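Student: Numbering follows the UniProt record's numbering, in which position 47 of the sequence shown is assigned residue number 47; successive positions increment by one, without gaps.
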Amino acid sequence: MDPKAFVSGMAALGAGIAALACIGAGIGTGNATGKAVEGVSRQPEASGKIMSTLLIGSAFSEATAIYGLIVALILISKVV
Numbered sequence: 001m002d003p004k005a006f007v008s009g010m011a012a013l014g015a016g017i018a019a020l021a022c023i024g025a026g027i028g029t030g031n032a033t034g035k036a037v038e039g040v041s042r043q044p045e046a047s048g049k050i051m052s053t054l055l056i057g058s059a060f061s062e063a064t065a066i067y068g069l070i071v072a073l074i075l076i077s078k079v080v
């Protein structure tokens, strides 16, 4: 087996696995948004505090997806 082809294949596999971070971030943000809407519907007077907490949590969740995307792009650039 050609070592260069093996390294390229493993880099592509790693990029695919790193891209899975986007799925986890999407699920997490969706769950958090659903719970925030539920909380606002139960207690409308706390909507400001709930929404600010939601935005901070979503930012952390999306940061994970961005890191995964960056790793995937770096690995893909090694393949090409």
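Heads up, the beta-carbon is just placed ideally off N, CA and C, and yes, glycines get one too. Keep in mind that this is a model prediction, so the values were computed, not measured.
1) Using C-beta distances below 8 Å, list every residue in its chain close to Thr33, excluding the 5 sequence neighbours before and after it, in chain order.
2) Fully enclosed by the UniProt domain "V-ATPase proteolipid subunit C-like" (13-75), which alpha helix (DSSP H) runs are 4 residues long or longer?
3) Where Ile41 and Gly30 are concerned, what is the direct C-alpha to C-alpha distance, given to the nearest angstrom?
4) Relative to the C-alpha of Ala15, which candidate in Gly68, Ser47, Ala72 and Ile23 has its C-alpha closest?
5) Give the C-beta separation of Ile50 and Gly39 to the nearest angstrom, bearing in mind that I take them to be a contact with Cβ-Cβ under 8 Å.
6) Would Ala11 and Ile76 qualify as a contact pair, given that the criterion is a beta-carbon distance under 9 Å?
Tutor: Let me lay it out:
1) Translated into positions along the sequence shown, residue 33 becomes position 33. Contacts found: Leu54 and Ser58.
2) 21-42
3) Within the sequence shown, the letter at position 41 stands for residue 41. Within the sequence shown, the letter at position 30 stands for residue 30. The question names Ile, yet the displayed sequence has Ser at residue 41. Their backbone Cα atoms lie some 17 Å apart in a straight line.
4) By one-based count along the sequence shown, residue 15 stands at place 15. Answer by Cα proximity: Ala72.
5) Taking the first residue of the sequence shown as position 1, residue 50 is located at position 50. Taking the first residue of the sequence shown as position 1, residue 39 is located at position 39. 5 Å between Cβ atoms; contact.
6) On the sequence shown, residue 11 is found 11 positions in, with the first residue counted as 1. On the sequence shown, residue 76 is found 76 positions in, with the first residue counted as 1. Against a cut-off of 9 Å, the Cβ pair of Ile76 and Ala11 comes out as a contact.
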